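What follows is a set of notes on a single structure, which appears directly below.
Numbering (my numbering), first residue to last: 64 to 515.
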């Protein structure tokens, strides 16, 4: 012990209530003697041990503070934890520990690195600050501040929070509150979700907040949700991500674009459920008043579908099959020339290379086909419509079961044909021929009196 200094107030101020004690004890004991001094101090419990290379003890106004420097190690056998740092400051009476510079913390569950740690023993509160990095068996956490509240069994992280969860899920936010017992939490402020697939595909989402439930297996995204995956984009008021499924709620809108072919597809419904594999959207189910709009800007073809519900199957971010059911209305347009409006109960569509290949409409079907320049209109009716397309343009159509077709022109050259089966052929923008089979009936009306 190098020095021992005691100073007392002036003899004229001997009144006990005005006496100020100032006592400085300085020790530079190292090794075993330093450890022995710390362990035998009355301010340290038997379960706790704090060692260092250099110790300085200050007593001021009945408060004791100890400063530690060099290879500081704090061990708590009751809590089964260890803290290491370059220096530490301890207020013995208040049981407050401050660890500074290159702080490392380890217990039976987690490891933490930080610039500083303030541990309030009586309140069971630990606050890590400055480039905090936390890891356990299931996740890692980075933030500017991480606070543990043992009495509430909760964790609070603030400042550029990054949370890594199993299955490649990465979350970012301004703040995280987490219940350590229930294993659920909430992220607030510019929240982002990023999920990386094994083949390099990435699914990204951002929202006002993200809630972690079911031990973090399920994520609830609330407020101004934006979803991105490749050339796919989505918007909704809220959504949920769990395992291999994504649910969007609140009038969600999904869009796909193919820059090389200049194709685009948009889909909207009250709720959208997506099947995801390796962070690639494979299929999607739309429910309640769905609307689907597909457009090929290169050739001007477009399809609009309205129904109660629909399912779309994708491959390489391109629609392959579509199934819509319940009050289906289909609107087809080609090069701003001809267009068709069809309605029925059930619609199945097949695509090839992103273009219409065929479609089947069933259940009390009705419709109309308006030819190029609106010179003629064909009114259609039957129990089932089957349409085939060539390079995205309508080429053939079959109508079965109580099939009926009426072709009306501006020149009043009207043709009505009905039968068990009708087969229609089209040239670009025009109905070119009709073939009828089974219980065939027909009617032809011409404007000229000498017309056949």
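We put the beta carbon where it would ideally sit given N, CA and C, even for glycine.
Bear in mind that the values here come from a model prediction, so they are computed numbers and not experimental data.
In the displayed model, residue 257 falls within a strand according to three-state DSSP. For residue 118, the enclosing beta strand (DSSP E) stretches over residues 117 to 123.
Annotated three-state conformation of residue 341 is coil, per DSSP. Between residue 376 and residue 424, the gap from beta carbon to beta carbon reaches 8 Å or more.
Between residue 335 and residue 292, the C-beta gap is not smaller than 8 Å, which leaves the two residues out of contact. When C-alpha distances from residue 144 are compared across 202, 445, 171 and 413, the shortest belongs to 171. Counting C-beta pairs with one atom in each stretch, the region 255 to 265 and the region 233 to 245 have three or more that are closer than 8 Å, which means they touch. In the structure shown, residue 238 falls within a strand segment according to DSSP collapsed to helix, strand and coil. Excluding five sequence positions before and after residue 331, the CB atoms of its chain that fall closer than 6 Å to its own CB belong to 316 and 354, given in chain order. Counting every other CB atom within 10 Å of its CB across the protein chains shown gives residue 410 a total of 16 or more, marking it as buried. At a Cβ-Cβ threshold of 8 Å, residue 398 and residue 433 do not count as neighbours. Between the alpha carbons of residue 490 and residue 458 lies a gap of roughly 7 Å.
The C-alpha of residue 333 lies about 58 Å from the C-alpha of residue 136. Taking a 10 Å sphere around the C-beta of residue 126, we find fewer than 16 other C-beta atoms and assign the residue as exposed.
Remark: C-beta atoms of residue 443 and residue 468 approach each other more closely than 8 Å.
Residue pairing for residue 169: DSSP places it in a beta bridge opposite 145 and 174.
Secondary structure of residue 201 (DSSP, three-state): coil.
Annotated three-state conformation of residue 139 is strand, per DSSP. By the CB criterion at 8 Å, residue 374 and residue 337 fall outside the cutoff. Contact between residue 165 and residue 184 fails: their C-beta atoms lie close to 22 Å from each other, not under 8 Å. Contact annotation, residue 470 with residue 495: C-beta distance approximately 11 Å; criterion of less than 8 Å not satisfied. Note that the C-beta distance between residue 426 and residue 404 is not below 8 Å.
Residue 285: member of the beta strand (DSSP E) spanning 281 to 292, first to last residue. Excluding residues up to 5 positions away in sequence, 417 lie with their Cβ nearer than 6 Å to the Cβ of residue 381 in the same chain. Note that the C-beta distance between residue 239 and residue 268 is not below 8 Å.
Check the Cα spacing between residue 408 and each of 446, 194, 415 and 400: the tightest is with 446. According to the DSSP assignment, residue 225 belongs to the beta strand (DSSP E) that extends over 217 to 228. The criterion of a C-beta distance shorter than 8 Å is satisfied by residue 175 and residue 197. Under the criterion of beta carbons closer than 8 Å, residue 202 and residue 180 do not qualify as touching, at roughly 20 Å. Annotated three-state conformation of residue 306 is coil, per DSSP. Exclusion of the five residues before and after residue 364 leaves 397 and 455 as the residues of its chain whose Cβ lies within less than 6 Å of its Cβ. In this chain, the beta strand (DSSP E) harbouring residue 482 covers 477 to 490. Rounded to the nearest whole angstrom, the CA to CA distance from residue 500 to residue 477 is 20 Å.
In this model, residue 275 and residue 237 are separated by some 15 Å (Cα to Cα). In the three-state scheme derived from DSSP, where H, G and I count as helix and E and B as strand, residue 408 is classed as strand. Beyond the five residues adjoining it in sequence on each side, residue 358 comes within less than 6 Å, by CB distance, of 327 and 365 in the same chain, given in chain order.
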